[in-house]
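Chemist: Protein sequence lines correspond, in order, to chains A and B.
Position 194 of the first sequence, counting from 1, maps to 1110 under the numbering used here, and the rest follow consecutively.
Position 729 of the second sequence, counting from 1, maps to 744 under the numbering used here, and the rest follow consecutively.
Using N, Cα and C, we set each Cβ at its ideal position, and we do this for glycine too.
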Amino acid sequence: MIGYVVRRMFYGVLILIGVNLFTFVLFFAVNTPDDMARLAIGGQRVSADAITKWKVERGYDKPLFINTQARGLEQYTDTIFYQRSVPLLRFDFGASDEGRDIGREIGKRMWPSLALAIPTFILGLLVSIAFALLLVFFRTTHLDFWGVVLCVVMLSISGLFYIIAGQWLFSKLLRLVPYSGFTGGWDALKFLALPILVAVIARLGPEARFLRSLFLEEVGKDYVRTARAKGLSERAVLFKHVLRNAMLPILTGAVSALPLLFMGSLISESFFGIPGLGSYTIDAISGQDFSVVRAMVFLGAALYILGLILADISYTLADPRVRFE
Amino acid sequence: MLAKQEVQVKKLYLAIACSAALVGCGPLGVESPINSPYAAGAETKNVLYTAFTQRSPKYLDPARSYSTDETPYTYNIYEPLYGYHYLKRPYELIPRTALEVVDPVYVDKQGNKLSAEAAVKDIAESVYDIPLRKGIQYQPHPVFAREADGRFSYWPLTSEQLTDKFVMSDFAQQGSRELTAHDYVYAIRRLASPRVASPIFSTLAQHVVGMKEYGTRLREIDTALRKDVPVGSRDLPWLDLRSVGFSGVEALDEHTLRIRVKGLYPQFKYWLAMTFVAPIPWEADRFYSQPGMAQRNLTLNNWPVGTGPYMLTESIQNRRHVLTRNPNFRGEPYPCEGEPADRAKGLLNDCGKMTPFIDRIVFNIEKESIPLQGKFMQGYYDVPQVDRGDTGVAMLVAASDSTEKAALYAKHGIQLPTTVEAQMQYFGFNWRDPVVGRGETPEQQVRNRKLRQALSIAFNWEEFVAIFQNDQAQVAYGPVPPGILGYQSGVSGINPVVYDVVGGKAQRKSLDQARQLLAEAGYPNGRHATTGEPLVLYFDSASGGGGSSPTLDWMRRQFAQINVQLDIRSTDYNRFQEKMARGVAQMYMWGWVADYPDAENFLFLLYGPNVKAEKGGENASNYVNPEYDALFEKMRDLPDGPEKEQLIAQMIKIVQEDAPWMFGLFPKSGGAFQQWVGNAKPTQMVRNSLQYMTIDTELRSKKIAEWNPPVWWPLLVLFGLLGVLVWPAWRALRQQAQQNAMGDVVETPK
């Protein structure tokens, strides 16, 4: 098992290097350091001097991959790619193109992201499970049919619609919560209520439908028939047997999603004014801040790899029959 | 004394109790609606709440700041020598930290004084001796903090001492001192510093004696200082500008500043009203240059130090910025004069009272328009965006499109004043292009001119303004906007190339006349006279979106009216700027916002030596006309008066005839203010307007409470409905549990 985990982590490092390279290539395929400087400096009269200064300060005056004017190993090390990539591997994100410490920003912003993501995740899971169980309990009835139709309709609707409709209904018409904003402490509850509700509803359709299919698969198995034959109530069958066995894939999926909770929701945070990592990433993309974009992509990839490894480990814990060599 | 945990628990219980009471309870029992995005009782405070979109201001260093979204901060924190009268139009320069707006003294090459009427060719320098007000104090700030023995409290600092310091409030001690002329000298020297790379250096260096050479010297000194510093390092040895200066700027004494300008440059006084010339205390430059400061974003760019009515006390990037009243501000009386209509509007009611009136200005980020507009309509923003002139215009347009919206705005008493500002949008032809440009031979020049004139007639700007600006703009007949000397209203201002004067009004020439001109240009019916090929012209658009949008489609149809094909080359703004810098765009649309209210700041957009291609100037059309250039060089040296006006009129005639531009439109600018915001007057030139505004907090509290009662009954109905659904489901569950294999319900024995 340990060997397996170590091997996976090694693969993970290779994946991270590949992700970093891919991000770099994609970013600089559509942007040049001059473009970035011009956008960063802004203003009515961007001067050539200001652009040069901006690039030199941030190391963007160097070549992208190979420095033909250098000698030996410096041909590869005195380049934007090398100098921007190597520190990443030790999780040193450096400073953004605006000069702000990225690590510190991540440390500050991950809490609002978590404040939104954790309740959304837990509540979303509970509500989806409850609804899916309800549909399974009333399977082959009209309730089940219309429940599935509802799920399909809900998953067909864009998340953006839920956000706008939620703000229209709860902020504009009913005036129960603020449109947007965030603050620390317990006051954050009134700012998080709507985004959490919207997020839970937005994911209810696809999740409930998926869970329903998981539960139905279990319900059709022999051990369930045996349990019924033994005289157990349908409630006992569902909760004690079906749910427990169906929870395996649910739990492993949930464990793999846990690390990504840190990354926040790009759209929700923008619309609801939550200063989390999602809005941090969106700002960096629109501002062409390569340092932040590559840091967030790298962090996201690392967390995703970690999540998958954790999911594998949790699976072995949940099902003793599973062993990784 | 309660333990911290007990206090937290008690606070939680209080919050729950207040929530149950359906209102938020705050200190002293002040109530706020439940949907308030602020702390309870916030609306009762003398605070103005506004928003900023996109992102936080990038530069608050006055030497680098040159973007409109930064101006609400910079112009309210810093004080240049001059400013603009808040109410008077046309805009009038007034002294801020200076005692008066001075006229320069002219001297010849030998340094002899000349009279004010001296010939331009005799004037070697214009010398501005500007007296400063005495007793102006800087805001309280850590850079001035000193110990009892006179040492600076926060200099020198090591990186370790900065471990827990990330914002200015982390520095416990503060101090202040008087503003002196030396601070202005330091600031102007700093514009030449290679570490600052001020966008205005190259412009000012052309005019201020010795500044260009000073910039070169500073570069050498800076290079020497950086000798042992790794490239790209943000910790640099302090470049002390006190010890190296130039003759163009000096302090004659503590309260007199001398600036020497080359030749005659009447527009120089306007630069003294911009924050480029805001004072910089050397202590701040030194303080912020200490090791570790830059890494913590403790820089002049993030934490300005000024003498203005406000100071920046809170700054959370891309979240919130707060300006607080500067307790050391000298005080400035509210104006007692303005435009004729100002008195009736109540804009003179606070005549003579000391500004600023508002204690704090809170800027919150609002990235999306829905929450911004929503919170404004709920009363939670007093002004949606302080620096933008299009918000109010957009609301006016919405009101004209929808009677419901108009009624709502009227019910809320929203103020939507508008004005035509010193800015314009125009459609440019590239003078270097062989088809629409100047032309190589005299015959080609005539043909190309006729082509441009034909296109100018066909492109219906009146329709453009009606459709795409919702009539919130004024069609332009020339390059000088209203309110600026040189603008001609009435018949004399009408462009005779594009319009006929009918009944004293401008009537666009007919399409037949455009077609006639097109034929004379060598393209009868839109085809080349010789080859028969259709005339295809290319428009470079920075709008992105693949070249398809209502505006671009409309433009294609305008050209199609005279059988000219318009091909759109759509790209992003970066690429567009690059193309313009290389001079390869055939036609384009762009705009200009005046730096100062002088015709020179618009006419220079067509001045030959100012071409964009190769020289990086602002003449984006790369237009060159020696006659125009000669007139420009004469005009720019003249003070405002009939002679200058006449020269401007001649220049306008030339460019109307040459048509390097279609003159486009002057957008209207408008503000949106809640009914409780007093002294609100829209302006894009007076950037320190916040100090003049007032807030009627009582009215605000009352209206916010009135507009935001929570509506609970739909939730109760929803829960009821859920209950109604759950009950039969529960019954069905119980029944199913009690059924036998035959489907009969069997009661479970108790």
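At the level of alpha carbons, what is the spacing between A/M925 and A/L942?
Modeler: 25 Å
Chemist: Which of the three DSSP states is assigned to B/E228 in this structure?
Modeler: helix
Chemist: Counting only beta-carbon atoms, is B/A212 nearer than 7 Å to chain A?
Modeler: yes
Chemist: To the nearest angstrom, how far is the alpha carbon of B/G321 from that of B/R166?
Modeler: Going from the Cα of B/G321 to the Cα of B/R166 covers about 22 Å.
Chemist: Does B/S141 come out as helix, strand or coil in the three-state DSSP assignment?
Modeler: Strand.
Chemist: Would you kindly work out how many angstroms separate the C-alpha atoms of A/K1137 and B/L737, rounded to a whole number?
Modeler: 32 Å
Chemist: For B/I295 versus B/Y143, is the C-beta distance shorter than 7 Å?
Modeler: no
Chemist: Taking DSSP as the reference, what is the three-state secondary structure of B/K360?
Modeler: coil
Chemist: If you compare alpha carbons, which of A/F1077, A/L1004, A/D1013 is closest to A/I957?
Modeler: A/D1013
Chemist: Roughly how many whole angstroms lie between the Cα atoms of B/V300 and B/P252?
Modeler: For the record, residue 300 of chain B in the displayed sequence is Asp; it is not Val. Roughly 11 Å separates the two Cα atoms.
Chemist: Which residue marks the beginning of the beta strand (DSSP E) containing B/A66, and which one marks its end?
Modeler: 62 to 67
Chemist: Is B/Q580 helix, strand or coil by DSSP?
Modeler: strand
Chemist: Is it buried or exposed for B/M677, if we count other Cβ within 10 angstroms and need 16 for buried?
Modeler: buried
Chemist: Buried or exposed: where does B/V62 fall if 16 or more other Cβ atoms within 10 Å of its Cβ makes it buried?
Modeler: buried
Chemist: Checking 7 Å against the spacing of the C-beta atoms, do B/Y553 and B/Q601 come in under that value?
Modeler: Yes. Within cutoff.
Chemist: Does any residue of chain A bring its CB to less than 7 Å from the CB of B/G632?
Modeler: Under the 7 Å criterion on CB atoms, B/G632 is classed as non-interfacial with respect to chain A.
Chemist: Examine chain B for any beta-carbon lying closer than 7 Å to the beta-carbon of A/E990, and answer yes or no.
Modeler: no
Chemist: So, A/T995 versus A/K978, is the Cβ gap smaller than 7 Å?
Modeler: yes
Chemist: Less than 7 Å between C-beta atoms, sequence neighbours within five positions excluded: which residues of the same chain meet that for A/R974?
Modeler: Within the same chain, A/R974 has close Cβ partners D1013.
Chemist: Which ranges does the alpha helix (DSSP H) cover as unbroken runs of at least 4 residues, wholly within the segment 290 to 330 of chain B, from first to last along the chain?
Modeler: 297 to 303
Chemist: Taking Cβ to Cβ, would you say B/Y643 is nearer than 7 Å to B/M666?
Modeler: yes
Chemist: So, at 8 Å on beta carbons, what are the nonlocal neighbours of B/V7 in its own chain, with the 5 sequence-adjacent residues on each side left out?
Modeler: The requested residue 7 of chain B does not occur in the structure, where chain B is confined to residues 16 to 765.
Chemist: Spatial neighbours of B/P306 within its chain, please: C-beta separation below 6 Å, excluding the five flanking residues on both sides.
Modeler: S174, D250
Chemist: State buried or exposed for A/L888, treating a residue as buried only when at least 16 other CB atoms are found within 10 Å of its CB.
Modeler: Within the shown structure, residues of chain A are numbered from 917 to 1241, placing residue 888 of chain A beyond reach of any answer.
Chemist: How about B/G685 and B/G407: do their beta carbons lie closer than 7 Å?
Modeler: yes
Chemist: Does the Cβ-Cβ distance between B/L287 and B/Y97 come in under 7 Å?
Modeler: In this structure, B/Y97 lies closer than 7 Å to B/L287 by Cβ.
Chemist: At a CB distance below 8 Å, what residues from the segment 410 to 426 of chain B approach chain A? Give them in sequence order.
Modeler: none
Chemist: Going straight from the alpha carbon of B/H270 to that of B/R345, what length do you get?
Modeler: Cα atoms of B/H270 and B/R345: separation of roughly 15 Å, rounded to the nearest angstrom.
Chemist: Using a Cβ-Cβ cutoff of 8 Å, what residues of the segment 1121 to 1144 of chain A are near chain B? List them in chain order.
Modeler: Hits within the stretch: zero.
Chemist: State the DSSP-derived secondary structure class of A/V972, mapped to helix, strand or coil.
Modeler: helix
Chemist: Where does B/T682 sit, in a helix, a strand or coil, going by DSSP?
Modeler: Here the sequence assigns Pro to residue 682 of chain B, which means Thr is not the residue at that position. If DSSP states are grouped into helix, strand and coil, B/P682 belongs with the strands.
Chemist: Taking the CB atoms as reference points, tell me whether B/I380 and B/F186 lie closer together than 7 Å.
Modeler: no
Chemist: In or out: B/R499 buried (at least 16 other Cβ within 10 Å) or exposed?
Modeler: With the sequence shown as reference, residue 499 of chain B is identified as Ile, and Arg is not the correct amino acid for it. Under this definition B/I499 is a buried residue.
Chemist: Check the Cβ-Cβ distances between A/K978 and every residue of chain B, and say whether any is below 7 Å.
Modeler: Answer no: the Cβ-Cβ gap between A/K978 and chain B never drops below 7 Å.
Chemist: Among the residues of its own chain, which have a CB less than 6 Å from the CB of A/R923, if the five just before and after it don't count?
Modeler: There are no such residues.
Chemist: Given that a residue counts as buried once 16 or more other Cβ atoms are within 10 Å of its Cβ, and exposed if not, what is A/C1067?
Modeler: buried
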